[in-house]
Amino acid sequence: MNNIGVRVVDVVVIGAGQAGLSSAYHLRRAGLESGRDFVVLDHSPRPGGAWQFRWPSLTYGKVHGMHALPGMELTGADDSRPSAEVIGKYFATYERTFDLRVRRPVDVSAVREGADGRLLVETSQGVWSARALINATGTWDRPFWPRYPGQETFRGRQLHTANYPGPREFAGQRVVVVGGGTSGVQHLMEIAGVAAETTWVTRRPPVFRDGPFGEDQGRAAVALVDERVRRGLPPQSVVSVTGLPVTEAVARARAEGVLDRLPMFDRITPNGVAWADGRTVDADVILWATGFRAVTDHLAPLKLRERGGGIRVEGTRATRDERIHLVGYGPSASTIGANRAGRAAVRGIMRLLEQPRTARVAAQRMAVEALGVEALAVEAAPVGG
């Protein structure tokens, strides 16, 4: 710590989930030392990223698409154990093995412009000054709650996937599950076995994916998400463009009618939900499996957002500021995507750290000025022109 209480490092990594740990691993591989050259800050109480908050009934055997962190496989896991336990232990071992020295719990409140081209990262445990930043904050801490007329009048219970407790609490109850993603399907299949009645509603008809999902399909799906962030639009999840895989359990639930879907209701009543055509469904619980949004509010002082509402990203680099890399954002918001993005972000940052300061500042100023002109031109262009 220096004489004004600001700790100085080359790189700050915010978040110690899959994306943050992958990034920290590649920083170590590039020759940087944790605690001296870079620091990893995590607001969670223990290792495990968002996995530590998953409901107990989500066992490791039910998890699909979990890829190992770089440099260390996850082997010998008990499929019957909760995924929170299995992956939490794996992440903790990974942090120790590669000496990543994650600081937790640390809440990051803001990232601001500092002196001499550096960034100031303000946290609950003091301020860090850095030449570059990897934002790996994910989405779990920002659950999306849609608003519908009459929502405040509902006499039952409303909760979100973020605080889903598992199926036991819904025994004998009438449950409306809202959302067409993987979480909504998982909740329905669990709850249907104990609830008095379940109703599934989604804004759009769910798309079930039969057959294999190969590399070509994966690349096409990621490209669709990538195209949005390149335009400065809020990212969609990769899952939203891949469809829902038809596992044996899903096929069985469809055959039993558990996954029969209704269109989105128009309003919420004290006793349930209602549609404009007069249909009503009584409910004791409304479970919002409506997804999450990227956690980026702490970056607001840097003015990275585009008019479309998102942060424009090329690869992992924020287009408006080459010092900022977003990993686990948009097309890299999957476990394998986060691994690859961590490596790409570190490559970009190492090139930045090797630049003379005068060249960095000049390039950054030119990029911001060019973006301002481009943004004005886009805004002035006629629709459909």
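Counting along the sequence shown from 1, when you hit position 61 you're at 766 in this note's numbering, and nothing is skipped either side. Ideal Cβ positions, reconstructed from N, Cα and C, are used throughout, including at glycine.
Decide if residue i is buried, meaning its Cβ has at least 16 other Cβ atoms within 10 Å, or exposed.
{"i": "Ser788", "result": "buried"}
{"i": "Glu738", "result": "exposed"}
{"i": "Glu778", "result": "exposed"}
{"i": "Gln830", "result": "exposed"}
{"i": "Gly722", "result": "buried"}
{"i": "Asp965", "result": "exposed"}
{"i": "Gly877", "result": "exposed"}
{"i": "Ala1050", "result": "buried"}
{"i": "Asp804", "result": "exposed"}
{"i": "Ala1107", "result": "There is simply no residue 1107 to check, as the chain begins at 706 and stops at 1090 in what is shown."}
{"i": "Gly898", "result": "exposed"}
{"i": "Val912", "result": "exposed"}
{"i": "Thr952", "result": "exposed"}
{"i": "Gly937", "result": "buried"}
{"i": "Pro870", "result": "exposed"}
{"i": "Gly1033", "result": "buried"}
{"i": "Pro810", "result": "exposed"}
{"i": "Asp1026", "result": "buried"}
Short of 7 Å in beta carbon distance, which residues of its chain neighbour residue i, apart from the five on each side in sequence? Order them along the chain.
{"i": "His1003", "result": "Val813, Ser814, Ala815, Val816"}
{"i": "Leu967", "result": "Thr904, Trp905, Val906"}
{"i": "Arg1065", "result": "Reliability fails at Arg1065, whose pLDDT of 47 lies under 50, so the model's placement of it is uncertain and the value that follows must be treated cautiously. If we look at Arg1065 and ignore the five residues flanking it on each side, its Cβ neighbours are Gly822, Leu1057."}
{"i": "Thr1063", "result": "Reliability of the predicted coordinates at Thr1063 is poor, the pLDDT of 49 falling under 50, and no value is obtained from them."}
{"i": "Arg786", "result": "Thr764, Tyr765"}
{"i": "Val714", "result": "Asp742, Phe743, Val744, Trp833, Ala835"}
{"i": "Thr802", "result": "Met777"}
{"i": "Ala782", "result": "Tyr765, Val791"}
Out of the options, which has the shortest C-alpha to C-alpha gap to residue i?
{"i": "Arg1052", "options": "Val714, Ala735, Leu763", "result": "Ala735"}
{"i": "Gly819", "options": "Thr985, Arg836, Arg909", "result": "Arg836"}
{"i": "Phe977", "options": "Leu763, Val744, Glu857, Gln723", "result": "For the sequence presented, residue 977 should be read as Gly rather than Phe. Closest by alpha carbon: Glu857."}
{"i": "Arg862", "options": "Phe875, Tyr853, Pro854", "result": "Phe875"}
{"i": "Val882", "options": "Ser727, Arg733, Asp987", "result": "Asp987"}
{"i": "Glu902", "options": "Arg733, Val880, Arg873", "result": "Val880"}
{"i": "Ala676", "options": "Asp804, Gly766, Ile792, Tyr1034", "result": "Outside the displayed span of the chain (706 to 1090) sits residue 676, for which this structure offers no information."}
{"i": "Arg860", "options": "Arg972, Leu732, Asp989", "result": "Asp989"}
{"i": "Tyr795", "options": "Arg808, Thr780, Asp784, Val807", "result": "Thr780"}
{"i": "Arg873", "options": "Trp760, Ala994, Gly937, Arg984", "result": "Trp760"}
{"i": "Arg1045", "options": "Leu726, Gly710, Val713", "result": "Leu726"}
{"i": "Val716", "options": "Gln1060, Ala1049, Arg1028", "result": "Arg1028"}
{"i": "Glu800", "options": "Glu790, Pro750, Tyr730, Ser834", "result": "Tyr730"}
{"i": "Ala755", "options": "Val963, Trp833, Phe997", "result": "Phe997"}
{"i": "Met894", "options": "Ala954, Ile839, Leu825", "result": "Ala954"}
{"i": "Asp971", "options": "Arg852, Leu732, Ile839, Glu790", "result": "Arg852"}
{"i": "Gly889", "options": "Thr866, Pro910, Pro870, Gly871", "result": "Thr866"}
{"i": "Ala994", "options": "Gly1033, Lys1008, Gly884", "result": "Gly884"}
{"i": "Leu838", "options": "Thr844, Val811, Arg1022", "result": "Arg1022"}
{"i": "Gly1020", "options": "Leu992, Glu1011, Gly1013, Ile1054", "result": "Ile1054"}
{"i": "Ile896", "options": "Arg1012, Thr844, Ser762", "result": "Ser762"}
Please return the same chain residues whose Cβ sits closer than 6 Å to the Cβ of residue i, not counting the five positions on each side in sequence.
{"i": "Phe918", "result": "Note on Phe918: pLDDT 49, under 50, position unreliable in the model; the coordinate value appears next. Correct list: empty, nothing qualifies."}
{"i": "Pro1006", "result": "Ala815, Arg817"}
{"i": "Thr842", "result": "Ile719, Gly720, Val1000"}
{"i": "Arg908", "result": "Met969"}
{"i": "Ala900", "result": "Phe875, Gln878, Val880"}
{"i": "Asp784", "result": "Tyr765, Gly766"}
{"i": "Gly710", "result": "none"}
Leaving out five residues on either side along the sequence, give the residues of the same chain with a beta carbon under 8 Å from the beta carbon of residue i.
{"i": "Arg808", "result": "Val744, Val745, Leu746, Asp747, Gln830"}
{"i": "Thr974", "result": "Gly855, Thr858, Phe859, Thr985"}
Runs of beta strand (DSSP E) wholly within the region 967 to 1048 (minimum 3 residues, chain order) = Within the region 967 to 1048, the complete beta strand (DSSP E) runs of at least 3 residues are 972 to 974, 977 to 979, 985 to 987, 990 to 993, 1029 to 1031.
Determine, using beta-carbon pairs with one atom in the region 952 to 964 and one in the region 844 to 856, whether at least three such pairs fall under 8 Å.
-> Segments in contact, no.
What beta strand (DSSP E) runs, 3 residues minimum, are completely inside the region 738 to 792?
-> Counting whole runs of 3 or more residues, the region 738 to 792 contains the beta strand (DSSP E) stretches 743 to 746.
Runs of beta strand (DSSP E) lying entirely within the region 853 to 924, each at least 3 residues, in chain order = For the region 853 to 924, the continuous beta strand (DSSP E) assignments of 3+ residues that do not extend past its boundaries occur at 862 to 865, 879 to 883, 902 to 907, in sequence order.
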